[in-house]
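Quick notes on the structure that follows.
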């Protein structure tokens, strides 16, 4: 018995050694899930961090994260690709800051502004030549506009494709609180008086049309010559006032009882 047991003990390890690789391979393929691979960077857009680098970086995931408000994911991408704050999308030429403003993500706007240079804030998208600041003005978001203009006062003077300055954009869109916020800041710039007062006249004309008389009275009292200055359409505020007859009640356009009140 001892000899038989000894012989079996010698044979079994040899058999196991022969079939062990097959058993391990079978168990690995059938029962053991493969470990997840680390995500590889998608290579599409140009990597601006190194122009000589043949690799390309896909910024679409970054723009998508910003648009959805996923700042943690967006910040992780920025840690790897800090140049992404000034990269523009191929469709409309918008930066991530434009996207954040469009979707109303105030916190992301503030975070991006902190990472951008003053010159980065002047990047204009391709559709209407809007800066992200002008888009915030159009939306009427004073906190967004404030964090940008505090970093770059020149944003107050940049015109869009329609040759309109930001405060006139605010007035034109009926954003009265935004216009009143921008007005004292814009007064500190020369843009309202430059080019023969073209932008100043445009602001007055738009304020007349949108019934913002506080801006009209203050601006004309400071610069009386703007009342006869011409905007980009060669229209003076005097002419605009005559066109706005509905602003001034005329006794000849009133009913009898209305004329009695004004008399």
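In the numbering used here, the protein residues as written are 7 to 269. Glycine included, every Cβ here is placed at the ideal spot set by N, Cα and C.
Backbone secondary structure at residue i - three-state DSSP
{"i": "residue 123", "result": "coil"}
{"i": "residue 192", "result": "helix"}
{"i": "residue 113", "result": "helix"}
{"i": "residue 242", "result": "coil"}
{"i": "residue 250", "result": "coil"}
{"i": "residue 137", "result": "strand"}
{"i": "residue 130", "result": "strand"}
{"i": "residue 104", "result": "helix"}
{"i": "residue 231", "result": "helix"}
{"i": "residue 62", "result": "strand"}
{"i": "residue 68", "result": "helix"}
{"i": "residue 202", "result": "helix"}
{"i": "residue 152", "result": "helix"}
{"i": "residue 32", "result": "Its pLDDT being 45, under 50, residue 32 is placed unreliably by the model, and the measurement read from it follows with that caveat. In the structure shown, residue 32 sits in a helix (DSSP, three-state: H, G or I)."}
{"i": "residue 96", "result": "coil"}
{"i": "residue 42", "result": "With a pLDDT of 35 at residue 42, under the threshold of 50, the predicted position of this residue should be treated as unreliable, though the coordinate-derived value follows. Correct three-state label for residue 42: coil."}
{"i": "residue 236", "result": "coil"}
{"i": "residue 76", "result": "coil"}
{"i": "residue 220", "result": "helix"}
{"i": "residue 55", "result": "Low confidence applies to residue 55: its pLDDT is 39, below 50, so where it sits in the model is not reliable, and the reading given next is rough at best. If DSSP states are grouped into helix, strand and coil, residue 55 belongs with coil."}
Beta carbon proximity, residue i to chain D, threshold 8 Å
{"i": "residue 239", "result": "Within the model displayed, chain D is absent; a lone protein chain is all it includes."}
Whether residue i touches residue j by CB criterion (8 Å)
{"i": "residue 93", "j": "residue 122", "result": "no"}
{"i": "residue 182", "j": "residue 208", "result": "no"}
{"i": "residue 162", "j": "residue 188", "result": "yes"}
{"i": "residue 83", "j": "residue 68", "result": "yes"}
{"i": "residue 225", "j": "residue 241", "result": "no"}
{"i": "residue 174", "j": "residue 212", "result": "yes"}
{"i": "residue 102", "j": "residue 63", "result": "no"}
{"i": "residue 154", "j": "residue 119", "result": "yes"}
{"i": "residue 138", "j": "residue 87", "result": "no"}
Sequence-distant residues of the same chain with beta carbon closer than 6 Å to residue i, five excluded per side
{"i": "residue 249", "result": "none"}
{"i": "residue 75", "result": "111"}
{"i": "residue 169", "result": "238"}
{"i": "residue 142", "result": "107, 150 and 151"}
{"i": "residue 132", "result": "98 and 99"}
{"i": "residue 77", "result": "114"}
Beta-carbon proximity list for residue i, same chain, < 8 Å, skipping 5 on both sides
{"i": "residue 214", "result": "222, 243, 246, 247, 250 and 253"}
{"i": "residue 12", "result": "The predicted position of residue 12 is uncertain, since its pLDDT is 48 and thus under 50; a value taken from the coordinates is nonetheless stated next. The answer is none, since no qualifying residue turns up."}
{"i": "residue 180", "result": "216"}
{"i": "residue 81", "result": "117"}
Contact set for residue i: own chain, Cβ-Cβ below 7 Å, skip 5 residues either direction
{"i": "residue 199", "result": "206 and 229"}
{"i": "residue 165", "result": "171"}
{"i": "residue 46", "result": "Only weak support exists for where residue 46 lies, its pLDDT of 37 falling under 50; the value from the coordinates is given anyway. Within the same chain, residue 46 has no close Cβ partners at all."}
{"i": "residue 194", "result": "none"}
{"i": "residue 136", "result": "130 and 166"}
Three CB pairs or more closer than 8 Å across the region 189 to 207 and the region 221 to 240: With a cut-off of 8 Å on Cβ pairs, the region 189 to 207 is in contact with the region 221 to 240, counting three or more such pairs.
Please confirm if the region 106 to 115 is in contact with the region 124 to 132, defined as three or more CB-CB distances below 8 Å between the two stretches. Taking a cut-off of 8 Å on C-beta distances, the region 106 to 115 does not touch the region 124 to 132, as fewer than three cross pairs fall below it.
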